[in-house]
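Before any comments, here is the structure.
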């Protein structure tokens with residue numbers, strides 16, 4: 025005699041209870057953040073030949089991806105043995121940031137890497153200059169103490185950025 029039988033049992037998981045998580049849900053903030061680059065006012069305070077100010081902002085697109093921008097102005101006087109020049113201008117930089125830091129609950133700090141494209145409009149004032157001549161037997165050094173202004177200058181550049189942002193308020 026040969027007897028064969030099989031049985032299959034299936035049931036729905038309606039009667040099985042799932043454990044509820046007691047971890048708090050982290051609600052991510054999406055929106056525009058504005059701030060200041062504090063290095064510019066600090067440098068303005070400590071250096072007599074520098075003035076600068078910069079506003080920074082970013083907008084979160086994804087959990088770790090941000091669109092970022094910076095708008096600023098600077099004035100710098102450079103004086104060496106042979107050159108005295110003053111540069112004044114303003115700039116705008118735009119790009120993206122990628123945050124690699126996992127924040128604790130309710131924090132929005134960043135350790136990030138990013139890329140920027142910058143555009144600037146500036147002018148340079150040549151206040152004075154001296155030419156360097158190694159053979160001064162015949163002639164004295166040529167110098168010009170009359171200032172000359174070069175205005176309407178512009179520049180475009182790219183930057184690779186690594187940094188951190190800390191939430192203060």
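In my numbering, the protein residues as written are 25 to 193.
The C-beta atom is built at its ideal place from N, Cα and C for all residues, glycine as well.
Everything numeric in this text was worked out from a predicted model, so none of it was measured.
Query	Result
Can you give the Cα-Cα distance for residue 121 and residue 189, rounded to whole angstroms?	11 Å
With C-beta atoms as the reference, is residue 81 less than 8 Å away from residue 56?	yes
So, at 8 Å on beta carbons, what are the nonlocal neighbours of residue 174 in its own chain, with the 5 sequence-adjacent residues on each side left out?	147, 148, 149, 150
In this structure, what does DSSP give as the bridge partners for residue 171?	DSSP lists no partner for residue 171.
Short of 8 Å in beta carbon distance, which residues of its chain neighbour residue 25, apart from the five on each side in sequence? Order them along the chain.	Here residue 25 scores only 46 on pLDDT, less than 50, and its place in the model should not be relied on; the value that follows carries that caveat. No residues qualify anywhere along the chain.
Assuming residue 114 and residue 92 make a contact with CB atoms under 8 Å, what is their CB distance in whole Å?	At roughly 18 Å, the Cβ-Cβ gap does not stay under 8 Å, so residue 114 and residue 92 are not in contact.
Please report the straight-line C-alpha distance between residue 78 and residue 169, rounded to a whole angstrom.	33 Å
Judging by CA-CA distance, which residue of 51, 52, 54, 75 is the nearest neighbour of residue 62?	75
For residue 127, count neighbouring C-beta atoms within 10 Å of its own C-beta (all shown protein chains included) and say buried if the count is 16 or more, exposed if not.	exposed
Using only alpha-carbon positions, find the residue among 99, 155, 118 that is nearest to residue 110.	99
Going by the DSSP bridge assignment, what does residue 108 pair with across the sheet?	103, 152
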